[in-house]
Amino acid sequence: MAAAVSLLRIAPLLSTSAYLTFTAAEDLYFKPYLDPSVAKAAEALLLAYIAIWYNRGMILTFTIYPLTWCTAIANLPVDKLPGSHVMGAPCNVPA
1 MAAAVSLLRI
11 APLLSTSAYL
21 TFTAAEDLYF
31 KPYLDPSVAK
41 AAEALLLAYI
51 AIWYNRGMIL
61 TFTIYPLTWC
71 TAIANLPVDK
81 LPGSHVMGAP
91 CNVPA
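Quick note: the sequence shown uses full-length UniProt numbering, first residue 1, plus one each step.
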């Protein structure tokens, strides 16, 4: 049970980190197209690229956000279970 609780505890962090990595990579890839020297070429290229990328990006977004929310919400009742404090944090539930 300790391994399952540990995985449940860290799942929101992992899914949020994955989404932030996706967002940082997206920013890194698209910012060069804002440079005025490539603006005309970028205009034609990005229209086709975004048409393909948008659906994949939305699938990722609508998968990771609910995954993060659900695992975070699942941690709330688990916190009250005896022996669920595997990370060494004290129990805040009154005895």
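Heads up, the beta-carbon is just placed ideally off N, CA and C, and yes, glycines get one too. Predicted model, so just to flag it, every value in this text is computed and none were measured.
Do residue i and residue j have their C-beta atoms within less than 9 Å of each other?
| i | j | result |
| --- | --- | --- |
| threonine 16 | threonine 68 | yes |
| leucine 60 | tyrosine 29 | no |
| asparagine 75 | proline 12 | yes |
| valine 78 | leucine 8 | yes |
Can you tell me whether DSSP reads residue i as helix, strand or coil?
| i | result |
| --- | --- |
| lysine 80 | coil |
Starting from the Cα of residue i, find the closest Cα among the options and give me that residue.
| i | options | result |
| --- | --- | --- |
| residue 113 | Glu26, Ile64, Ala2, Ser6 | Lying outside 1 to 95, the shown extent of the chain, residue 113 is not represented and no answer is given. |
| isoleucine 73 | Ile10, Ala41, Ala48 | Ile10 |
Checklist entry - Hey, which unbroken runs of the alpha helix (DSSP H) at 4 residues or more fall wholly within the region 19–83? => result If we require 4 residues or more, the alpha helix (DSSP H) runs fully inside the region 19–83 come out as 39–78.
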